[in-house]
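Engineer:
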Amino acid sequence: MNQEYPKPINIERLKRFVFLAEQEDINLSHAAKKLHIPQPHLSRQIQQLEEELGVELFVRNPRLELTPSGKVFLKKAQHLLGQVEQFQKLSQQADKGEIGRLSVGVNTSISNSLLPDILCVFRQKFPQVDLVLQELLYKDSRQRLQNRTLDIDFENLYNLQDVDKHHVLRYEVVNKEPLVMVLPQQHPLANNSQVQLADFANEPFILPCRETVPGLHKMTLIACMEAGFHPNIVQEAAWMPTVLSLVASEMGVALLPANAMNLQRTGVVYREITEKVPIFQMAMVWRKDNYSPILLNFLNVVRYVSVNYIHKINKA
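Structure follows, in structure tokens:
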């Protein structure tokens with residue numbers, strides 16, 4: 609046995625019924641003029657709506673008035689059109705990237721530098737977007753970008769040597785800064801405003817972990833070897849605050865990006881290096897095939913903040 613389903617109601621026809629029914633003096637001719645359509649066309653649309661519903665919505669003698677069914681239907685139609693308008697608005701906001709969710713991978717360096725400004729500007733522009741921040745190390749962030757559980761990440765450019773035009777990922781450098789020397793507060797050279805890296809050839813070094821922070825580990829090795837020595841590595845650590853704690857305990861010295869100076873750790877001092885050292889470059893990384901409008905908005909905010917941040921640093 610064939611089951612009959614109700615016919616879908618034409619939304620435009622519904623809007624015209626509501627417009628007519630809400631008039632103080634229900635008049636087809638006046639309503640048609642306001643809607644800029646011929647009166648016969650409006651009359652026919654109302655008749656079609658009644659045929660679809662199987663009820664009379666208007667009493668037509670001697671003048672148009674809503675029937676009891678028409679009054680009930682008007683309230684339901686007003687509610688439905690309100691929902692349709694809301695759905696249309698939400699769809700438009702989603703299409704513009706104004707609502708939704710974005711998963712962002714962060715590390716200590718981006719948190720010490722651009723991240724506060726990025727979050728502030730993005731929240732002001734897109735207050736209805738939920739940013740889900742994930743503190744991740746290199747291998748975890750790369751895996752999550754690959755399996756689409758992360759939308760965008762911030763990475764040391766040294767970690768992106770394998771990313772080329774054929775790769776699924778795309779990146780863009782957003783900040784550049786030198787490495788600085790991190791010394792225990794009681795170190796003999798702590799009172800110097802600048803230091804030479806070569807002076808630390810015989811010092812014990814705390815290095816970022818080779819397995820979890822490979823880019824920064826490699827940069828430290830390159831800097832020391834260009835200064836004429838291989839560092840005496842006594843300890844490795846994954847997170848920057850841990851490196852600082854080890855330096856504060858006088859276990860050794862360390863090389864870190866200049867953004868580390870925003871971490872006011874008791875027991876350590878930061879000093880500029882006179883020799884030329886590798887430049888730490890922070891990049892934002894995302895999938896080429898991620899066409900999310902929210903991601904596009906976030907990328908543009910990061911670019912805006914990056915330009916202003918670099919300008920502010922150069923003026924300081």
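Just so we're aligned: 884 in the working numbering is position 276 of the sequence shown, and the numbers increase by one with no gaps anywhere.
No residue lacks a Cβ here, since even glycine has one placed at the ideal position from N, Cα and C.
Here the structure is a predicted model, which is why all the values come from computation and not from measurement.
Taking the alpha helix (DSSP H) that K784 falls in, what are its first and last residues?
Structural biologist: First-last for K784: 777 to 792, but that is the beta strand (DSSP E), not the alpha helix (DSSP H).
Engineer: Would you call the CB atoms of L588 and F681 closer than 8 Å?
Structural biologist: Nothing about residue 588 can be reported from this structure: the residues present for the chain run from 609 to 924 only.
Engineer: Considering only their Cβ atoms, is the gap separating F762 from N905 smaller than 8 Å?
Structural biologist: Not in contact: N905 and F762 (Cβ atoms no closer than 8 Å).
Engineer: Would you list, in sequence order, the uninterrupted alpha helix (DSSP H) runs of no fewer than 4 residues that lie entirely inside the region 717 to 786?
Structural biologist: Segments of the alpha helix (DSSP H) lying fully in the region 717 to 786: 723 to 733, 746 to 754.
Engineer: Report the rounded CA-to-CA distance for L854 versus I726, giving the unit in angstroms.
Structural biologist: Approximately 30 Å, taken between the alpha carbons.
Engineer: Is there a Cβ of chain D sitting closer than 8 Å to that of T874, yes or no?
Structural biologist: As a matter of chain content, chain D is missing from the structure shown, which is built from one protein chain.
Engineer: Alpha carbon to alpha carbon, how far is A685 from V782?
Structural biologist: About 52 Å.
Engineer: Looking at I881 and the ligand PLP, is the gap between the Cβ and the nearest heavy atom below 7 Å?
Structural biologist: With respect to small molecules bound, the structure shown includes none, and the ligand PLP cannot be examined in it.
Engineer: If you compare alpha carbons, which of I617, D770, M833 is closest to V893?
Structural biologist: Selected option, being the one with the closest Cα: D770.
Engineer: Is F808 buried or exposed, if buried means 16 or more other CB atoms sit within 10 Å of its CB?
Structural biologist: The residue in question, F808, is buried, as its Cβ has 16 or more Cβ neighbours within 10 Å.
Engineer: Applying the 10 Å Cβ sphere with the 16-neighbour rule, what's the burial state of I619?
Structural biologist: Exposed: under 16 other Cβ atoms inside 10 Å.
Engineer: Report the three-state DSSP secondary structure of A862 (helix, strand or coil).
Structural biologist: Correct three-state label for A862: strand.
Engineer: Would you report the Cα separation of G875 and L852, rounded to the nearest angstrom?
Structural biologist: If you take the alpha carbons of G875 and L852, they lie about 9 Å apart.
Engineer: List the endpoints of the continuous alpha helix (DSSP H) containing G823.
Structural biologist: 822 to 834 is the extent of the alpha helix (DSSP H) around G823.
Engineer: Going by other Cβ atoms of all chains shown within 10 Å of its Cβ, with 16 needed for buried, is M609 buried or exposed?
Structural biologist: With a pLDDT of only 43 at M609, under the threshold of 50, the placement of this residue in the model should not be trusted; the figure read from the coordinates follows. Flag for M609 reads exposed.
Engineer: What's the gap between the Cα of G823 and the Cα of P786?
Structural biologist: Cα to Cα, the separation comes out at about 14 Å.
Engineer: Output the residue ranges of the alpha helix (DSSP H) runs that lie fully inside the region 616 to 700 and measure 4 residues or longer, sorted by chain position.
Structural biologist: You should have 619 to 629, 636 to 643, 647 to 661.
Engineer: With a threshold of 16 other CB atoms inside 10 Å of the CB of L698, please say whether the residue is buried or exposed.
Structural biologist: Exposed: under 16 other Cβ atoms inside 10 Å.
Engineer: P839 and T850: beta carbons closer than 8 Å?
Structural biologist: No, these two residues do not count as a Cβ contact at 8 Å.
Engineer: Going by CA-CA distance only, name the one from M833, M848, Q793 that's closest to L815.
Structural biologist: For L815, the nearest C-alpha among the options comes from M848.
Engineer: What distance in whole Å lies between the Cβ atoms of M890 and N764, which are believed to be in contact at a cut-off of 8 Å?
Structural biologist: Contact holds; Cβ gap of about 7 Å.
Engineer: V712 and V740 - do their beta-carbons sit closer together than 8 Å?
Structural biologist: It is a contact, given that the beta carbons lie within the stated cut-off.
Engineer: Skipping 5 residues on each side, what residues in its chain have a beta carbon closer than 8 Å to that of V915?
Structural biologist: Cβ neighbours of V915 beyond the five flanking positions: none.
Engineer: Am I right that E819 and G860 are in contact with their C-beta atoms under 8 Å? What's the rounded C-beta distance?
Structural biologist: Incorrect: roughly 19 Å between the Cβ atoms, too far for contact.
Engineer: As a quick exercise: from L674, A831, L745, P792, pick the residue whose alpha carbon is nearest that of R873.
Structural biologist: For the residues L674, A831, L745, P792, the minimum Cα distance to R873 belongs to P792.
Engineer: Should I902 go down as buried or exposed, given a rule of 16 or more other Cβ atoms within 10 Å for buried?
Structural biologist: Per the 10 Å Cβ criterion, buried.
Engineer: Figure out for me which residue from K884, Q691, E743 has the closest Cα to the Cα of Q804.
Structural biologist: Ranking the options by Cα distance to Q804, first place goes to K884.
Engineer: Could you give the DSSP three-state label for S914: helix, strand or coil?
Structural biologist: Helix at S914.
Engineer: Near A835, which residues of its chain fall below 7 Å by C-beta distance, leaving aside the five closest residues on each side in sequence?
Structural biologist: Closer than 7 Å at the Cβ level, and outside the excluded window around A835, lie L805, A806, E883.
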